[in-house]
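Report on the structure given below.
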Amino acid sequence: MKPISIIVAIAQNNAIGKDNQLLWHIPEDLKRFKALTTGHTIVMGKRTFESLPVRPLPNRRSVVITDIPGETIPGCEMAYSIEEAVLKMEEGRENYIIGGGMVYKQFMPLAHKLYLTIVHKDFEADTFYTDIDYSQWQEIAREDISATDTLGFDYSYITYERLL
Ligand SMILES: NC(=O)c1ccc[n+]([C@@H]2O[C@H](COP(=O)([O-])OP(=O)(O)OC[C@H]3O[C@@H](n4cnc5c(N)ncnc54)[C@H](OP(=O)(O)O)[C@@H]3O)[C@@H](O)[C@H]2O)c1
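Take the sequence shown: its position 39, counting from 1, is numbered 431 in my numbering, and each next residue is one higher.
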C-alpha cells in the first residue's frame, strides 16, 4: 500500500494561488510543511515546482509531473502521468501531494489523508482548490490559530482521513 496524503493551504473561498505564487506568507505553516514532508516523497505539478523558492526542496525525494515527453529536471524524478507518479511513490510511507491546483484535483480521488491549512479569509486568486465532499472524510485532528498583528487572519490546521 502506498499512502497518499494531500497537503494544502486553502482560503475561505477555496483560493490557493495567483501568478504561480502562494497568496500569503505564514511562517508557522511553512515550518509545519517542512516537518511533515522532510524525509518523504513529495509529488508536484511542473508549475508548483517552478514556484518553489529553492528547487528542489532539500531532504525530500521530488517527483515532478509534466506532459512534456523526455523533460528532465536535475535532482528530481519525472512522471509523465498521474499513474506514473503513483508508480514512483514509496510503499508503506506517506507520499505527499504538494500541489498545485491541477495536480490536487487529479489526486483527490486517490488520497487517503488531507492535511489542510484553512485560512479564514477570502483571497483574489487564479487557482482554486476543488470542492471537497466532507461526507467522505473524517476529521482526526484540528488546531485553531488566532490572528496576529502581522498576519491579520485566523487559520486552522485540520487533518482528515478518508472514510469510504
Ligand atoms: N496553497 C497551497 O497550498 C499551494 C500549494 C502548491 C501550489 N499552490 C499554487 O498553485 C498554483 C499552481 O497550480 P497549477 O494548477 O497552475 O499548476 P500545477 O498543478 O502545479 O502544475 C500543472 C502542470 O503539471 C503538469 N501536469 C498536471 N497534470 C498532469 C498530468 N495528468 N499528466 C502530465 N502532466 C501533468 C503539467 O505540466 P507541463 O505544463 O510541464 O506539461 C501542468 O501544466 C500556484 O499559484 C501555486 O502557488 C498553492
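Yeah, the Cβ is synthetic: ideal placement off N, Cα and C, and Gly gets one too.
Check	Outcome
Look at the alpha carbon of residue 449 and the alpha carbon of residue 492, and state the distance between them as a whole number of angstroms.	15 Å
Give me whichever residues DSSP pairs with residue 520 in a beta bridge.	407
Rounded to the nearest angstrom, what separates residue 517 and residue 407 at their Cα positions?	6 Å
Of the residues 484, 548, 521, which one's Cα is nearest the Cα of residue 504?	484
Using 10 angstroms around the beta-carbon of residue 460, count the other beta-carbons present and answer buried if the total reaches 16, otherwise exposed.	exposed
Taking Cβ to Cβ, would you say residue 490 is nearer than 8 Å to residue 429?	yes
Smallest Cα separation from residue 496: which of 547, 514, 546, 439?	439
What is the DSSP secondary structure of residue 472, reduced to helix, strand or coil?	coil
Need the endpoints of the alpha helix (DSSP H) that residue 497 sits in, please.	493-499
Who pairs with residue 401 in a beta bridge, going by DSSP?	509
Buried or exposed: which applies to residue 470, given that a residue is buried once 16 or more other Cβ atoms fall within 10 Å of its Cβ?	buried
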